[in-house]
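J.: One structure is given below, represented as structure tokens, and several questions about it will come after.
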Amino acid sequence: MRNWRVRLAPTWAKASIPVYSIVLAFAVAAIVVIVSSVFTETGFSPLLPFAAYASLFAGAFGSGTSIGNALVSAAPLMFGGLAVGLGLKAGLFNIGVAGQFLVGAFAAAVTGASLATAPTIVGMPLAILVGATAGAAYGFIPGYLKARTGAHEVVTTIMLNNAAVLLLTWTVNDLARAPGFSFPRTGETGQSALPILLGRNLHLGIVFAVVAIFVIRWILDRTTLGFEIRTVGANPSAARYAGMRPVFITALTMTVSGLLAGLAGAIQMLGVIGFYAPGITASVGFDSIAVALLGRSDPIGILFAALLFGAFRAGAPLMQIETSVPIEVIDIIQALVILFLAADLIVRKVFRVRAPKVEITEMATVTGSWGGASGGSSGAGAPR
Amino acid sequence: MDILALPRLTWEFLVYLFLVMPDLLPIILSLATPLALGALCGVLGERSGVVNIGIEGIMLMAAFFGYLTGFAFHEPLGSGVALALGIAASIATGAVLGLLHAWLTVTVRADQIIAGTMMNIAAFGVTGYLNRLIITPSGRGGAGVITPFHLPDQLASLPLVGPILAMFLDQGPIAMSVIVLVLVSQFALFRTRWGLRTRAVGEHPKAADTVGIDVFRQRYMNVIMGCAFAGLAGAYLTLESTGSFQNGMTGGRGFIALAAVIFGRWTPLGSFLGALLFGTATAFGIIVNVRPAEGDLGALMKTIPTFWYAALPYLITVVILAGVVGRSTPPAADGIPYAKEGKG
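Line by line, the protein sequences are chains A and B. Numbering of the first sequence is given in the working numbering, commencing with residue 1 and proceeding in unit increments. Numbering of the second sequence is given in the working numbering, commencing with residue 1001 and proceeding in unit increments.
Written out as structure tokens, the structure is:
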């Protein structure tokens, strides 16, 4: 018993703040639910959060189907969380996951539809590959601009998110509209769809997502590239002196980040949505940020964080139906989790945590690159 | 395609621009208003060393609470009073969120980008949550919109001068106040003691501290004031422009405002020009649909789909950031938390 405690101590030191943050976020959100319960049909009820959280968990874990739903919702979050987390490791904040996700989803939908009658073994991998490539290309743009000109990726990726929505709407309306439907959409993916492994909807994508977690973990921990990414993130000047290429690494990291976000879109498209139509929205964008921050940019942490938020997303509709607590409470909980992670001082005070301050260099460096003020990873002034 | 096609089309384009000018000018300022106010928020914060990417969220939250206040009070108190209360509520919302951002970034020294992201997600969640709970089920409307000032027709119909006057005066009070706020901020930032202190704190907080300027107080003050402006931008969206609230209605304006800040090299006047530029891009996208050009030019412009015109402001933002940012210098201590010696 004691042995286990000693062994788990380092893990707990890393995980304690995130775990406490979640607990605290649920507590504060409960207060929000209680206060706002005056506006529900049933009127003020201090017990509403318990009912709401009970339905939330029932919706996420109550039956085999709901567990399947939770896993299906978690799969794109794993990819998205990895996309954001990998960026953070290199000191880049990719808020463009939403746009890269849509681009990837669209590319996968079009490819899948055109190969709808080809054997799955051909159509599915090709559709995923095209989706991933499209996401990578869309991630390359802000990465290249950041590396070459110093344009901050936070603003450029958000702009590209908005542009993606508009340009994809146009594409579906005018270029890629499938005939025979009453509204603009792409065709059926048919044979290219991801095969269902188990139950009603547990598709192959979840396996890919878990594999991706371990691949990225391997790259970050065991390869020179991973070392360079982490060094550029921690200290771009030092990386430059050591002969690394911050400009190249910045562009490459954003490209890979976009690739992961594109994969998220591709598997969601081929496993769940089935066709691209204007107006499909991706909560995956913001969720991925929360997942990456909660997982502290560590692939294994991201795995658990994605499972958690996937469960929330899967359980929320039941909560809204049964207790009329709006699903947006999940966004509130997410924001609170990030708040408590960013200001871990609060968590430490409330729970009297004495664990040593875990290194959050990946968080601390994000703002540093705003204007190249702290030497920044912008690379704008780098010798070429 | 004859060799004269390009100059001829360019000429036709200029003529077209001239013809639509009277329609174009008034909407430019109304489209630029939330951007300009958001940019003021960015300038005030960043000049004192605090980056705020949560402008988008603060705008959204203020837009909602301003609308909610108008929604709650317009039946008992009449829409005039309700709108005034709504604007006050929006500004107060902005200031309170500014206090939160200042506390997170100055006192707790949390990462400023992450604090801002938190603000954006929180705003999306809180407004969506309350909208679904309170406004949607009621089926009632809000307090409407502030009646804009209308320029006398004799003035508006003057050639050349008329449209320009209309641009600034055929507007609601918030849009008109923007020009005053921008000019006052520009003056205050570069000609007053407060401005000097702000810039000192943003460039070299340690030196400022040494000569007795309270770095924390200055940053708190600036962030709160700036966020009150962002709150006013929110009020503009729901109470002066549309008269309704939709989830996520800020539509990236807070981020375009950030680009305007960089474009304007961290000055109120410059960022206002940036906001006008984005306003022009958006207005152009609207006008080409409402009053399409004729002849060859019209045929050419029709080949460009509407969605490209709509995406224009976003694409321009990216291009401008890439083109301008490398050549403009942010305040030296922008985004870096300050720790007093011995407390670090």
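We put the CB at the ideal spot given by N, CA and C, even for glycine.
Using a Cβ-Cβ cut-off of 8 Å, state whether A/Leu-166 counts as contacting chain B.
T.: yes
J.: Closer than 9 Å, Cβ to Cβ, to anything on chain A: give me those residues from the region 1191-1224 of chain B, in chain order.
T.: For the region 1191-1224 of chain B, the beta-carbon criterion of a distance under 9 Å to any beta-carbon of chain A is satisfied by none of its residues.
J.: Using the three-state DSSP reduction, which class does B/His-1074 fall into: helix, strand or coil?
T.: Shown here, B/His-1074 sits in a helix according to DSSP, grouped into three states.
J.: What does the Cβ neighbour count give for A/Tyr-241, buried or exposed, with the cut at 16 atoms within 10 Å?
T.: exposed
J.: Going by DSSP, what residue range makes up the beta strand (DSSP E) through A/Leu-198?
T.: 196-198
J.: Chain A partners of B/Phe-1255, CB-CB under 7 Å?
T.: Val-155, Ile-158, Met-159
J.: Compute the Euclidean distance between the alpha carbons of B/Ala-1175 and B/Ile-1316, then round it to the nearest angstrom.
T.: 23 Å
J.: Please tell me whether A/Met-254 and B/Tyr-1314 are closer than 8 Å, where the distance is taken between their beta carbons.
T.: no
J.: How would you label B/Gly-1212, buried or exposed, when you count the other beta carbons within 10 angstroms and need 16 or more for buried?
T.: B/Gly-1212 counts as exposed, since fewer than 16 other C-beta atoms from the protein chains shown sit within 10 angstroms of its C-beta.
J.: Could you tell me which chain B residues have their CB closer than 7 Å to the CB of A/Asp-331, listed as they occur along the chain?
T.: Ile-1121, Phe-1124, Gly-1125, Gly-1128
J.: What did DSSP end up calling B/Leu-1014 once you bin it into helix, strand or coil?
T.: Helix at B/Leu-1014.
J.: Hey, out of B/Ile-1058, B/Ile-1028, B/Leu-1029, whose CA is closest to B/Cys-1041's CA?
T.: B/Ile-1058
J.: Roughly how many angstroms separate the alpha carbons of A/Gly-99 and A/Val-165, rounded to a whole number?
T.: Approximately 7 Å between the Cα atoms of the pair.
J.: Shorter than 8 Å from the beta carbon of B/Gly-1139 to some beta carbon of chain A?
T.: no
J.: Can you check whether the C-beta of A/Arg-237 is within less than 8 Å of a C-beta belonging to chain B?
T.: Residue identity check: residue 237 of chain A is Ser in the sequence provided, not Arg. Taking Cβ atoms only, chain B never reaches closer than 8 Å to A/Ser-237, which makes this a no.
J.: Can you tell me whether A/Ile-360 is helix, strand or coil according to DSSP?
T.: Since pLDDT at A/Ile-360 reaches only 46, below the 50 mark, its modelled position is unreliable, and the value read off the structure follows with that caveat. DSSP places A/Ile-360 in coil when its eight states are reduced to three.
J.: For A/Leu-8, which residues of its own chain have a beta-carbon under 7 Å away from its beta-carbon, when the five flanking residues on both sides are left out?
T.: none
J.: So, do the region 311-322 of chain A and the region 57-67 of chain A have three or more beta carbon pairs nearer to each other than 8 Å?
T.: yes
J.: Please list, in chain order, the chain A residues whose beta carbon lies closer than 7 Å to that of B/Arg-1132.
T.: Annotation: Cβ neighbours of B/Arg-1132 in chain A (cutoff 7 Å, chain order): Pro-326, Glu-328.
J.: Closest by CA to B/Asp-1214, which one among B/Phe-1229, B/Ile-1224, B/Met-1225, B/Thr-1198?
T.: B/Thr-1198
J.: Taking Cβ-Cβ distances shorter than 9 Å, what residues in chain A pair up with B/Val-1318?
T.: Ile-141, Pro-142, Leu-145, Ala-151, Val-155, Thr-156, Met-159, Leu-160, Ala-163
J.: Would B/Ile-1028 pass as an interface residue toward chain A - the criterion being a Cβ-Cβ separation below 8 Å?
T.: no
J.: Alpha carbon to alpha carbon, how far is B/Gly-1172 from B/Ile-1028?
T.: 13 Å
J.: Under three-state DSSP, which class holds A/Leu-202?
T.: Correct three-state label for A/Leu-202: strand.
J.: Can the beta-carbon of B/Phe-1071 be found less than 8 Å from the beta-carbon of B/Ala-1089?
T.: no
J.: Along chain A, in chain order, which residues have C-beta atoms closer than 7 Å to that of B/Tyr-1314?
T.: Met-159, Asn-162, Ala-163
J.: Measuring CA to CA, which of B/Thr-1306, B/Gly-1335, B/Leu-1297, B/Trp-1308 is closest to B/Ala-1005?
T.: B/Leu-1297
J.: Cα-Cα, which of A/Leu-126, A/Leu-194, A/Arg-217, A/Ile-219 is closest to A/Val-396?
T.: With chain A represented from 1 up to 384, any question about residue 396 of chain A goes unanswered, as that position is not in the structure.
J.: Leaving out the 5 sequence neighbours to the left and right, which residues in its chain are closer than 8 Å to B/Leu-1009 when beta-carbon positions are compared?
T.: Asp-1296, Leu-1297, Leu-1300
J.: Using the rule of at least 16 other Cβ atoms within 10 Å of the residue's Cβ for burial, across every protein chain shown, is B/Lys-1340 buried or exposed?
T.: exposed
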